[in-house]
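Residue numbers (our numbering): 14 to 270.
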C-alpha cells in the first residue's frame, strides 16, 4: 500500500495542529499546563504511549499523567466505534485510501486504528495502519522539541538562581527511532519479534498499573472537568479538521504521490 507524502503532510498538520490547539485551549481554560500538554500530545500522536513519552520529558506528578491517559483512552475508544458507523452510513464520503489516511491520522491509539480499520475493510485498514505508524514516528521530534523548551526554562531559572545549566536529552526517544530502523531491516526471526511484542504489551501494562497505583479518585476530582473538556474539543478538531484534510487536501496532493 502506497500512501505517499500526502499521508506525511496530513500527519504533520494533525500532530502540530492538535498540540498547538491543546496548549492554546488549555491556557484559555486556565488548566494545569502539564495536563494540557500531555492530553494534547496523546490526542495528536499515539494515545497513552505518547502521554507516557512526554511524561518522561516533563516529569509531572503521576496523577496528571493518569488524567491525560484517561482522556485519550475515552475519546480514542469513541472514535474506534464511531468512524466505522459513519463510514458505512456514507457520512464520511471518502475513498478507501482517503478514509485510511483520515482514520490513521486522527484516531488516538494504534489499537484503536486497527480495530476501526478492520471494521471498515482491508483497503481502509492497510492505509490506516501505515499512516498511523508514520504518526507514531513523529513522537520523536515532538519529544526533542519539548525537551529543548523544558531545558531552556530550567536554564533560565538556573541563571536567575546562579546555578549551572543542565540539559536532559530524552534518550529513550532516540532509542525508539533506532529500534524502528533496526526492526525495518527484518533481521530478527518472527518468533523473537512476537515475544518482544508480547513483552512490550506486558511492560506497558505494568507501567499503566503503576501509574494507577499512584492515582486516586480525589486526584481526578482535583483536576476537574477541564481536561475532559479539552480532550473533547481536540476530538472535534481531529474529526472535523482531519475529515477536511482527507476530503480536500489529499485529492490535491494525490495518494501515493
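Where is the CB? At the ideal position from N, CA and C, for every residue including glycine.
Three-state class that DSSP yields for residue i in the structure shown
i	result
residue 108	coil
residue 271	Here the chain comprises residues numbered 14 to 270, so residue 271 is not present and cannot be evaluated.
residue 122	coil
residue 83	helix
residue 240	helix
residue 46	helix
residue 174	For residue 174, the predicted model reports a pLDDT of 49, less than 50, meaning its position is unreliable and no value from the coordinates is stated.
residue 154	helix
residue 267	coil
residue 128	helix
residue 134	coil
residue 72	coil
residue 103	coil
residue 194	helix
residue 254	helix
residue 60	coil
Neighbour-count burial assignment, residue i, 16 or more Cβ in a 10 Å radius
i	result
residue 97	buried
residue 145	buried
residue 45	buried
residue 88	buried
residue 43	exposed
residue 102	exposed
Spatial distance of residue i from residue j (CA atoms)
i	j	result
residue 175	residue 155	Note that residue 175 scores a pLDDT of 48, beneath 50, so its modelled location is shaky; the value from the coordinates is reported in the next line. In a straight line, the C-alpha of residue 175 is about 30 Å away from that of residue 155.
residue 108	residue 166	46 Å
residue 121	residue 230	24 Å
residue 84	residue 193	27 Å
residue 40	residue 187	30 Å
residue 246	residue 191	34 Å
residue 160	residue 75	18 Å
residue 210	residue 136	25 Å
residue 30	residue 51	14 Å
residue 28	residue 57	5 Å
residue 78	residue 48	7 Å
residue 236	residue 33	21 Å
residue 206	residue 222	24 Å
Sequence-distant residues of the same chain with beta carbon closer than 7 Å to residue i, five excluded per side
i	result
residue 63	54, 55, 152
residue 142	117, 126, 127, 130
Other residues of its chain near residue i: CB distance less than 6 Å, five sequence neighbours each side excluded
i	result
residue 149	59
residue 254	none
residue 251	119
Decide if the region 104-123 is in contact with the region 241-260; the criterion is three or more beta carbon pairs, one per stretch, under 8 Å apart. yes
Given 8 Å, three or more beta-carbon pairs between the region 61-75 and the region 130-142: no
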